[in-house]
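Chemist:
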Amino acid sequence: MHDVLPETAPAWHALEQALRALAEGYGYEEIRLPSLERTELFVRAVGEVTDIVEKEMYTFTDLSGESLSLRPEGTAGCVRACLENGLLHNQTRRLWYLGPMFRHERPQKGRYRQFHQWGAEAYGFTGPDIDAELILLSARLWRVLGIGGVRLQINSLGTAGARARYRAALVEYLSAHHERLDEDSRRRLHVNPLRILDSKNPELRALLDGAPALADHLDPESQEHFAGLRDLLDTAGLAYEVNPRLVRGLDYYEKTVFEWVTDRLGAQGTVCAGGRYDRLIEQLGGRPTPAAGFALGIERLLALLEEGAAPVAAPAPHVYLIAVGETAGRAAPGLAEGLRDELPGLRLCVNCGGGNFKGQFRRADKSGARVALILGEDEVNSGVVGVKYLRDERPQEIVPRGELAPRLRAVVL
Ligand code: HAM
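If you're matching positions, the sequence shown starts at 30 in this note's numbering and goes up one per residue.
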């Protein structure tokens, strides 16, 4: 779990702003969700035999004896909130959220125990047009941020029925080659065999290459949906690869799944991932409502942005107010508040903690401010303020208090 320090916070802020603007550009509305939910929600939504629920959740019993978990992802909570607040009654919804997620994984570069996701979810749309919209929205983000080298992979998992038939065929094939499976795959064989396809073990490659293909077991409805999505992406001119092995680690998906992957982040190459989850809302007690969405990992995106890019700097104050002596020290906060009222947007840093002129001047310079205002007892008594230009070749001035705001506006705003 990482601290975001002042030198990196501006990069987070810039990314958050870009994401907000992007979401607004596609008609998505923000929803803010709690970090804690009932454990049962994740068991039912993400799936009991997934890695996330089996071994990665931060779960505890609260004082009322209820089992709660820090959210490992945002989709389940988003559906819960929509149902609880009646957001899906006879209407479609496009929502986005941003926040910390928690998974007790083995930490490594790009994989953290507290990480942040920005997610988009769309409810009530049956056709592949919404799948395409979500994908095009994410593609636009790479363009807006100038991120290259991310590739789109798509697949269709079919409906639950198709997947059950495929699962049976896969288990039959893999069982016949039981001796070639590694320990992890043997464990998964009967609980979650589709995840074996996702195995990173190179020794399983040949075996998996010969396995029955999910694509051959797809039901006609899913085939049509997938063809529709491909057609929309082709027409929009967006390149993609069909990856028949893309299965995802959460149980709620069906039909479309997709991931944006890169070779630039080492082992944790998935920057953004999602798909369709048409049955989840019903499963969590709502009326049957089609749904699709994705989430991207903010830390992974920032790592991509950092490479080669100039760091985003925190904005320096425009003005630093030096106040020497007791009388000036007492007058300084009032002067500063008055200027903030007169000049919205002004970044003004007041010297706190006293100090002689030399010390305060050094701080003013170090702050990066363009202008230092100088207040001493004489200035207070005469109703004027000294103005010293720290970055311009321009002589120091004495400015009457009433003329100060227009002068500063002209120089720094
Ligand atoms: P996910 O694939 O588990 O999907 O996570 C989405 C993204 O979150 C990943 O592609 C990755 O960028 C980031 N991420 C996941 N785990 C970590 C970690 N430990 N450290 C850093 N980043 C991580 C979901 O969570 C689904 N809820 C996505 C979704 C939304 N599907 C439909 N709607």
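C-beta atoms are modelled at their ideal positions from N, C-alpha and C, and glycine is treated no differently. These numbers come from a predicted model, not from an experiment.
I'd like the list of long-range same chain contacts for Asp227, defined as Cβ closer than 7 Å, with 5 residues on each side in sequence excluded.
Modeler: For the purposes of this step, residue 227 is taken as residue 198 along the sequence shown, with counting starting at 1. For Asp227, where only same-chain residues beyond five positions count, the Cβ hits under 7 Å are Arg274 and Val276.
Chemist: In or out: Met130 buried (at least 16 other Cβ within 10 Å) or exposed?
Modeler: Here residue 130 refers to the residue found at position 101 when the sequence shown is read from its first residue. Met130 should be labelled buried.
Chemist: What did DSSP end up calling Gln252 once you bin it into helix, strand or coil?
Modeler: Position 223 of the sequence shown, counted from the start, is the residue given in the question as residue 252. Helix.
Chemist: Identify which residue in Leu181, Glu69 and His42 has its Cα closest to the Cα of Lys292.
Modeler: In the sequence shown, residue 292 corresponds to position 263, counting from 1. The question names Lys, but residue 292 in the sequence shown is Asp. For the residues Leu181, Glu69 and His42, the minimum Cα distance to Asp292 belongs to Leu181.
Chemist: Going by the CB atoms, is the gap between Glu66 and Ala105 shorter than 8 Å?
Modeler: Your numbering for residue 105 matches position 76 in the sequence shown. Your numbering for residue 66 matches position 37 in the sequence shown. A contact, by the Cβ cut-off of 8 Å.
Chemist: Are Ser167 and Phe323 touching if we call contact CB-CB under 8 Å?
Modeler: If you number the sequence shown from 1, residue 167 lands on position 138. If you number the sequence shown from 1, residue 323 lands on position 294. In this structure, Phe323 lies closer than 8 Å to Ser167 by Cβ.
Chemist: With H, G and I counted as helix, E and B as strand and the rest as coil, what does DSSP make of Pro222?
Modeler: As a position in the sequence shown, residue 222 is number 193, starting the count at 1. Helix, per DSSP.
Chemist: Starting from Pro317, follow the alpha helix (DSSP H) in both directions and report where the run begins and ends.
Modeler: What you label residue 317 is simply residue 288 of the sequence shown in a count that begins at 1. Judged by DSSP secondary structure, Pro317 falls outside any alpha helix (DSSP H); it is assigned neither H nor E.
Chemist: Which two residues bound the contiguous alpha helix (DSSP H) that contains Gly106?
Modeler: Sequence index remark: in the sequence shown, residue 106 carries index 77 (1-based). Start and end: Thr104 to Glu113.
Chemist: Who are the near neighbours of Ala332 in its chain, counting only those whose CB is closer than 7 Å to its CB and skipping five residues on each side?
Modeler: Translated into the one-based positions of the sequence shown, residue 332 becomes position 303. Closer than 7 Å at the Cβ level, and outside the excluded window around Ala332, lie Gly139 and Leu294.
Chemist: For a test of the three-state rule: what should DSSP assign to Tyr126, helix, strand or coil?
Modeler: Locating residue 126 in the sequence shown gives position 97, counting from the first residue. In the structure shown, Tyr126 sits in a strand (DSSP, three-state: E or B).
Chemist: My output table needs one value for Arg118: the three-state DSSP class, helix, strand or coil.
Modeler: The residue given as residue 118 occupies position 89 in the sequence shown. Looking at the sequence provided, one finds His at residue 118 rather than Arg. It is coil, neither helix nor strand.
Chemist: Helix, strand or coil for Pro429? Go by DSSP, reduced to three states.
Modeler: Counting from one through the sequence shown, the residue named residue 429 turns up at place 400. Correct three-state label for Pro429: strand.
Chemist: Among Arg49, Arg369 and Glu102, which residue has its Cα nearest to the Cα of Pro346?
Modeler: As a working note, residue 346 is residue 317 in the sequence shown. The shortest Cα separation from Pro346 among Arg49, Arg369 and Glu102 belongs to Arg369.
Chemist: With the cut-off set at 8 Å, would you say Val72 and Leu313 are in Cβ contact?
Modeler: In the sequence shown, the residue the question calls residue 72 occupies position 43. In the sequence shown, the residue the question calls residue 313 occupies position 284. Contact flag unset, no.
Chemist: Are the beta-carbon atoms of Trp125 and Glu59 separated by less than 8 Å?
Modeler: For the purposes of this step, residue 125 is identified with residue 96 of the sequence shown, where counting begins at 1. For the purposes of this step, residue 59 is identified with residue 30 of the sequence shown, where counting begins at 1. A contact, by the Cβ cut-off of 8 Å.
Chemist: Can you give the beta carbon distance from Arg391 to Asn380, rounded, assuming they're within the 8 Å contact cut?
Modeler: What you label residue 391 is simply residue 362 of the sequence shown in a count that begins at 1. What you label residue 380 is simply residue 351 of the sequence shown in a count that begins at 1. In fact, because the Cβ distance is near 11 Å, the residues do not count as touching under 8 Å.
Chemist: Expressed to the nearest angstrom, what Euclidean distance is found between the alpha-carbon atoms of Ser411 and Glu355?
Modeler: Here the question's residue 411 lines up with position 382 in the sequence shown. Here the question's residue 355 lines up with position 326 in the sequence shown. For Ser411 and Glu355, the distance between alpha carbons rounds to 16 Å.
Chemist: Quick one: residues in its chain with C-beta nearer than 8 Å to the C-beta of Leu360, no 5 flanking neighbours on either side, listed in chain order?
Modeler: Position 331 of the sequence shown holds residue 360. Note on identity: in this sequence residue 360 is Ala, with Leu being the wrong assignment. Hits under 8 Å: Ala352, Leu404 and Val409.
Chemist: What are the start and end residues of the beta strand (DSSP E) that includes Ala398?
Modeler: Position 369 of the sequence shown, counting from 1, holds the residue named residue 398. Here Ala398 belongs to no beta strand (DSSP E), and DSSP marks it neither H nor E.
Chemist: Sorted by chain position, which residues of the same chain lie with C-beta nearer than 6 Å to Arg217's C-beta, five sequence neighbours on each side aside?
Modeler: Mapped onto the sequence shown, residue 217 falls at position 188. Closer than 6 Å at Cβ, skipping near neighbours: Arg224 and Ile225.
Chemist: CB-CB under 7 Å to Leu261, same chain, minus the five flanking residues each way: which ones, in chain order?
Modeler: What you label residue 261 is simply residue 232 of the sequence shown in a count that begins at 1. In its chain, beyond the 5 residues on either side, Pro157, Asp158 and Ala161 have a beta carbon closer than 7 Å to the beta carbon of Leu261.
Chemist: Does the region 72 to 81 come into contact with the region 41 to 51, if we say contact requires no fewer than three beta-carbon pairs (one atom in each stretch) closer than 8 Å?
Modeler: no
Chemist: CA-CA distance, Ile176 and Arg438?
Modeler: Within the sequence shown, residue 176 is the residue found at index 147, counting from 1. Within the sequence shown, residue 438 is the residue found at index 409, counting from 1. Each residue's Cα considered, the two are about 37 Å apart.
Chemist: Runs of 3 residues minimum, wholly inside the region 340 to 424: which ones carry the beta strand (DSSP E) assignment?
Modeler: 348 to 352, 377 to 379, 400 to 404 and 413 to 418
Chemist: If I measure Cβ to Cβ from Gln297 and keep anything under 6 Å in the same chain, skipping five residues before and after, which residues do I get?
Modeler: Looking up residue 297 in the sequence shown gives position 268. If we look at Gln297 and ignore the five residues flanking it on each side, its Cβ neighbours are Gly139 and Arg140.
Chemist: Identify the continuous alpha helix (DSSP H) that holds Glu95 and give its terminal residues.
Modeler: Locating residue 95 in the sequence shown gives position 66, where the first residue counts as 1. Where Glu95 is concerned, there is no enclosing alpha helix (DSSP H), given that its DSSP letter is neither H nor E.
Chemist: I need the straight-line Cα distance from Glu406 to Val413, nearest angstrom please.
Modeler: Position 377 of the sequence shown, counted from the start, is the residue given in the question as residue 406. Position 384 of the sequence shown, counted from the start, is the residue given in the question as residue 413. For Glu406 and Val413, the distance between alpha carbons rounds to 10 Å.
Chemist: Who does Val286 pair with in a DSSP beta bridge?
Modeler: Here residue 286 corresponds to residue number 257 of the sequence shown, with the count starting at 1. Val286 pairs with Asn184 and Gly304.
Chemist: Can you find a heavy atom of the ligand HAM that lies under 7 Å from the Cβ of Glu328?
Modeler: The residue labelled residue 328 in the question sits at position 299 within the sequence shown. Yes; taking the cut-off as 7 Å, the Cβ of Glu328 has a heavy atom of the ligand HAM nearer than that.
Chemist: What distance in whole Å lies between the Cβ atoms of Leu97 and Thr68, which are believed to be in contact at a cut-off of 8 Å?
Modeler: By 1-based counting over the sequence shown, the position of residue 68 is 39. By 1-based counting over the sequence shown, the position of residue 97 is 68. Going by Cβ atoms, the distance from Thr68 to Leu97 rounds to 6 Å, so yes, they are a contact pair.
Chemist: Once the 5 residues before and after Gly178 are set aside, which same chain residues still bring their CB inside 6 Å of it?
Modeler: Taking the sequence shown and counting its residues from 1, the one referred to as residue 178 is at position 149. The answer, listed in chain order, is Thr291 and Arg293.
Chemist: In terms of alpha-carbon separation, which member of Arg122, Gln143 and Arg123 lies closest to Arg132?
Modeler: Taking the first residue of the sequence shown as 1, we reach residue 132 at position 103. Out of Arg122, Gln143 and Arg123, Gln143 has the C-alpha closest to the C-alpha of Arg132.
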